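See structure below.
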Amino acid sequence: MAMKPSLSQNANTIPLPVGQSVEQRPIELYVFGDTPDNQIDTLILGVFHGDEPIAGDVCYKLIEHLKIHSTKHSVGIVPVLNPDGLAKEQRQNANMVDLNRNYPTKDWKEADKDTIYYSGRAAASEPETQVVINLMELHQPKKIITVHAPYKVINYDGPALSLAQSMAAHSGYLVTEDIGYATLGSFGTYAGKERNIPVITLELPEDEPLEAVWKDNQQALIAAIEFQG
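Residue numbers are given in this note's numbering: position 122 of the sequence shown equals residue 193, and the series is strictly consecutive.
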């Protein structure tokens, strides 16, 4: 279930409820900076996949940083998009759907239920997917970053090459347009390729300490928030 958040609240300290997961866990949005006309310049989404907890950990590190170091650039952060999967330590949500295969793209098709890449009974069938679509419609982000693991690369979709290069200048991660395998119904295709929004998939390593991963990516994420290209 998706909700309509009011950005007039002080979300620097109070997360805004923007929806619920299949099992009714809250999905929350933190907002920083100026939000004229309810618009968010940069939307950051963590933990599409519940077995990638480092994505949420880094998002929470960024939230804590922005609470101390204010920014004039508007940014919204959903640190955990898939709270059910995170609780179960599994890739999929509670319906056993891979949320990064559930978007209503031109190439979406129902995948085999017996695989970890099951795309759902229909495109955008999952409440977590509907939350993201609703956020995009309400707040019209100019660029979007999704945080994943474990490949330690910066993947991009849509007109995001210069943004990816700006981030890589700080993290040293490889920039790639191709993740190496097909992702039908993916968020990158939905928002980047089909809606021409710059989309970054920041792939973090999963075998390095959190503090090291945060040190490598802190300035990269700040650069992304400040990027105006």
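Ideal Cβ positions, reconstructed from N, Cα and C, are used throughout, including at glycine.
Note that this is a predicted model, so its numbers are computed, not measured.
By a beta-carbon distance limit of 8 Å, I98 does not contact L133. Their separation comes to about 17 Å. The beta carbon of S257 lies closer than 6 Å to those of N171 in the same chain, with the five residues before and after it left out. Non-local C-beta neighbours of Q110 in its own chain, meaning closer than 7 Å and more than five positions away in sequence, comprise S145, H210, Q211, ordered along the chain. Going by DSSP, V203 is part of the alpha helix (DSSP H) stretching over 198 to 210.
Here DSSP, grouped into helix, strand and coil, assigns H219 to strand. Residue pairing by DSSP places G229 opposite no residue, since no beta bridge is assigned to it. Under the three-pair Cβ rule at 8 Å, the stretch 191 to 209 counts as touching the stretch 156 to 168.
Inter-residue distance for F103 and V202 is about 19 Å (C-alpha atoms, whole angstroms).
Between D122 and E160, the gap from beta carbon to beta carbon is short of 9 Å. In this structure, V118 and P150 form a Cβ contact; the two beta carbons are roughly 7 Å apart against a cut-off of 8 Å. Taken through DSSP and simplified to helix, strand or coil, Y261 comes out as helix. Judged by DSSP secondary structure, V129 falls within the alpha helix (DSSP H) whose first and last residues are 124 to 139. Taking the Cβ atoms as the reference, P198 lies roughly 6 Å from V93, within the contact range of under 8 Å. In the structure shown, E248 adopts coil according to DSSP, grouped into three states. For K180, the three-state secondary structure derived from DSSP is coil. Going by DSSP, V284 is part of the alpha helix (DSSP H) stretching over 281 to 297.
Distance from the Cα of T272 is smallest, within the candidate group A239, I139, D183, H140, for A239. Distance from the CA atom of G259 to the CA atom of D228, rounded to whole angstroms, is 6 Å.
For P97, the enclosing beta strand (DSSP E) has its first and last residue at 97 to 103. Excluding sequence positions up to five before and after P154, its CB lies within less than 6 Å of the CB of S92, R96, all in the same chain and listed in chain order. Contact fails between the stretch 231 to 238 and the stretch 175 to 187, because fewer than three Cβ pairs, one in each stretch, are under 8 Å apart.
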